[in-house]
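Residue numbers (our numbering), protein chains in the order written: chain X, 1 to 226; chain V, 1 to 225; chain P, 1 to 248. Glycine included, C-beta positions come from ideal geometry on N, C-alpha and C. Only one structure is covered here, and it is reproduced in the block below.
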Amino acid sequence: MNLVFKWKWLPDLAQGLALTLELTGLSMALGAVLGLALALLRVYAKGPLLPLYGLASAYVHFFRGTPLLVQLMGLYYGLPALGIRLSPFLASLLALTLNTAAYQAEYFRGAIQSVKSGQMLAARAIGLTRLQALRYVILPQALRLVIPPWSNELVYMIKGSAIVYLVGMLDLMGRARTIGTKEFRMFEVLVVTALFYLALILLFTVALRWVENRTRIPGLGVPGRS
Amino acid sequence: MALEPWLKVWTNLPSFLQGLSLNLALLGGLLALGLVLGILLAILEVYGSRPLRYAASAYVWLFRSIPEVLLLLLFWFGPARFGVRLSPFAAAVLALGLRSAAYQAQIFRGALRAVPAGQMLAARALGLSKFQAVRFVLLPQALRLSLAGWGNEFAVVLKDTTLAYAVGVAEVLQRARALSVVELPLTLPAYFTVALLFLGVTYGGLFALGALEKRLRIPGLEARR
Amino acid sequence: MLLRVEDLHKRYGREEVLRGISFSLEKGETKVIIGPSGTGKSTLLRCINRLTEPDRGRIFLEDVEITSPKADINKIRAQIGFVFQDFNLFTHLTALDNVRLGLMRVKGLPKKQATERALRELARVGLADKAKAYPAELSGGQQQRVSIARALAMDPKLILFDEPTSALDPELIGEVLSVMVDLAKSGMTMLVVTHEMGFARSVADEIIFMEKGVIVEQGPPEQLFKHPKHPRTAEFLRRITELYGGEG
């Protein structure tokens, strides 16, 4: 049994890697914006805004309770039935964004709720408005607390984005499939691809650990992160 | 939206349920594999000698860092490359089960560490061996403590069973795809139906696990969350 | 008259926490509220700057009605300092930034001025050298002094203290009380809920004894401690003296 490796696979895979990074980066960023909005609704929407709380909750439960692949295929193959035709890239980006937003919403919500209630009280007591208290007191703390679960989510999305090859994207995984098929070396190419993912995830984990340490403040942290 | 496509999809419900039963079989297999291997890895990580600890940690890191769908393809094309034929279903159980072992190991490791150190001391003081102490004192507590985390893992791997679609297992997503290829208007209702089925199983399962957790609850032994 | 509270009522569910509280506070006066725990003292303080909304009754700060729905509550709160039992310093901000936040965001002071003012207040409570420290790096007593500086920086007309020493280790209580004594002497108007009878006796112009949501008795310390009119007051004072030692 002879395993074969060819250097010429690497540039192709690197191109796929760029697309994987683009999809992950964009969806994480857009998902953070949407996720934060959902989290704020889930924590603060009361009284006349209660329907918005309900909508946000339904959104979060739906997207967390169904598989990402179903969401992707539903959007890509399903929307054309409504006359909306998305390119594979847009469908992938949309599915990844909508999905990660639901998860990030829960991380943000957890972080906001773990800021001690006295903080809001003290902020209001010196005369800050609710919005100012959120902006200057609650969110700066919550955003630091959210870094550990957020890095887990990033790792999850780097991995999760690999399914977009199933709608024809040439991301890292997609490149691997085409090279493997062309060269009749699927297993070898997949192993090399796995190494790409491992390196990528190692890099991001280390980088985010660094950010976490840089932004650490004594007395503000979650003991016992998994 | 017209009602007719929905009705058409729902007349095919038996086919969906057949597909879903494959997802559930896959789920059962991979959770069982992950449970056994995960407990073993956790014990190694907490109580093993240094090399064993490192080996277990390396395993966990490796299987947490490779995309699930890539693992699936590796276990599909890998054995074939070495002349071993696995069914797509077996490849999926293996790939997803080994991945789940890594996550379950983390859950059990956390739970083992959450059991107060005095428990091990007291067990050893009675004359139990280290293995007996783990088996009769530590694990029964740790397993209860890990139920919450385990529920989380259940919800994650349940959804991951759809990835078996990538190696051609005739699971529920395959059924939706097959149906929607025939008629475009059926597409959205078909995928929506799959989504609803998953919502049902996910929240049903989590509810059942919650009930189990309540039944197994012992005063004074609570997961600190 | 600086503060006037008229017939204040508050209930939580079925429990009536405040049952018609009325009193007033002159400028420069220090009043101390004492009473058993769970009698609504903290609720009363929180109603005064409407961190808790009262159900009934009116509160005036000078001639402005705090309880009016039209009141600009954030502007009013900026004029009433509040010192919490558990400090509630902003966890993510240094001592300096804790004091500066209100100056910059509520009063709109430019950064340079806010910094100068904040440093002056920190010096006043004896913590100029801790400006760069985060709350978690300070002792409880130091945290409480920073929180007093945070209140002082806003130039409040009145400061409310909600059991400011109850969460402190015994050896740290003194440093906080001495800051409060200095404040009272400097003419600050203060309303203090506390179990520190020594402080109450030596600093208060008047003591209010509250029980079960009503004011049982109020008067100058000497009168209240030596010749309480109400048997409940005498009973409470006897118990608290046993509990906290012979200062009373």
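- Counting only runs of at least 4 residues, the region 153 to 207 of chain P fully encloses the following alpha helix (DSSP H) elements, listed from N- to C-terminal order: 170 to 185, 197 to 203.
- Taking Asn-12 of chain V as the centre and dropping the five residues before and after it, the same chain places the C-beta of Leu-179 closer than 7 Å to its C-beta, in chain order.
- Linking Phe-75 of chain V to Ala-92 of chain V through their CA atoms gives a straight-line distance of about 7 Å.
- The continuous alpha helix (DSSP H) containing Thr-43 of chain P extends over residues 41 to 48.
- Gly-221 of chain X: not part of any beta strand (DSSP E); DSSP gives it neither H nor E.
- Note on Ser-49 of chain V: under 16 other CB atoms within 10 angstroms of its CB, so exposed under the neighbour-count rule.
- With contacts defined by Cβ atoms closer than 8 Å, Arg-77 of chain P and Ile-126 of chain X form a contacting pair.
- Val-32 of chain P is bridged by DSSP to P:Val-192, P:Ile-207.
- C-alpha of Arg-209 of chain X to C-alpha of Phe-136 of chain V: approximately 38 Å in a straight line.
- According to DSSP, residue pairing for Ile-80 of chain P in a beta bridge involves P:Leu-158.
- Counting only runs of 4+ residues, the alpha helix (DSSP H) found wholly inside the region 40 to 96 of chain V occupies 50 to 65, 68 to 81, in chain order.
- Leaving aside the five residues that flank Gln-79 of chain P on each side, the residues in its chain whose CB is nearer than 7 Å to its CB run, in chain order, Leu-61, Pro-156, Lys-157.
- The beta carbon of Gly-29 of chain V does not come within 8 Å of any beta carbon belonging to chain X, so the residue lies off that interface.
- Inside the region 155 to 182 of chain V, DSSP marks whole alpha helix (DSSP H) runs of 4 or more residues at positions 172 to 182, from first to last along the chain.
- Inter-segment contact for the region 163 to 183 of chain X and the region 141 to 148 of chain X is absent: fewer than three beta-carbon pairs are separated by less than 8 Å.
- Per the C-alpha coordinates, the member of X:Gln-71, X:Leu-202, X:Met-186, X:Ala-133 positioned closest to Leu-154 of chain X is X:Leu-202.
- Between Val-36 of chain V and the set V:Gln-119, V:Gln-104, V:Ser-57, the nearest pair of CA atoms involves V:Gln-104.
- Arg-77, Ala-78, Phe-82, Phe-84, Asp-86, Asn-88, Phe-90, Thr-91, His-92, Leu-101, Gly-102: these are the residues of the region 77 to 103 of chain P whose beta carbon lies less than 7 Å from some beta carbon of chain X, given in chain order.
- Around the beta carbon of Gln-113 of chain P, a 10 Å sphere encloses fewer than 16 other beta carbons of the protein chains shown; the residue is thus reported as exposed.
- Sixteen is the threshold: when 16 or more other Cβ atoms of the shown chains lie within 10 Å of the Cβ of His-92 of chain P, as they do, the residue is buried.
- Straight-line measurement puts the Cα of Pro-88 of chain X at about 50 Å from the Cα of Lys-111 of chain P.
- Per DSSP, the continuous alpha helix (DSSP H) segment holding Gly-54 of chain X begins and ends at 50 to 65.
- Nearest neighbour of Val-216 of chain P by Cα position, chosen from P:Arg-232, P:Arg-238, P:Ser-139, turns out to be P:Arg-232.
- Below 8 Å, too few C-beta pairs join the region 26 to 42 of chain P and the region 210 to 223 of chain V to call them touching: fewer than three.
- Shortest Cα-Cα distance from Gly-97 of chain V to any of V:Ala-142, V:Gly-38, V:Ala-123 involves V:Gly-38.
- A residue is called buried once 16 or more other Cβ atoms fall within 10 Å of its Cβ, and Leu-17 of chain V, having fewer, is exposed.
- Fewer than three beta-carbon pairs drawn from the region 48 to 59 of chain P and the region 89 to 99 of chain X are found closer than 8 Å, and the two stretches are therefore not classed as touching.
- Only residues of its own chain outside the window of five on either side were considered, and among them Arg-175 have a CB closer than 7 Å to the CB of Ser-15 of chain V, listed in chain order.
- Residues of the region 189 to 204 of chain P that bring their beta carbon within less than 7 Å of a beta carbon in chain X are absent altogether.
- Per DSSP, reduced to three states, the secondary structure at Lys-10 of chain P is strand.
- Each residue's CA atom was taken as its position, placing Met-120 of chain V and Ile-43 of chain V some 13 Å apart.
- CA-CA distance, Leu-220 of chain X to Phe-87 of chain P, rounds to 15 Å.
- Between Leu-20 of chain V and Val-172 of chain V, the C-beta spacing is below 8 Å.
- Judged by DSSP in its simplified three-state form, Arg-145 of chain P adopts helix.
- Thr-161 of chain V counts as buried, since no fewer than 16 other beta carbons sit within 10 angstroms of its beta carbon.
- When the beta-carbon positions are compared, Tyr-53 of chain X and Arg-42 of chain X come within less than 8 Å of each other.
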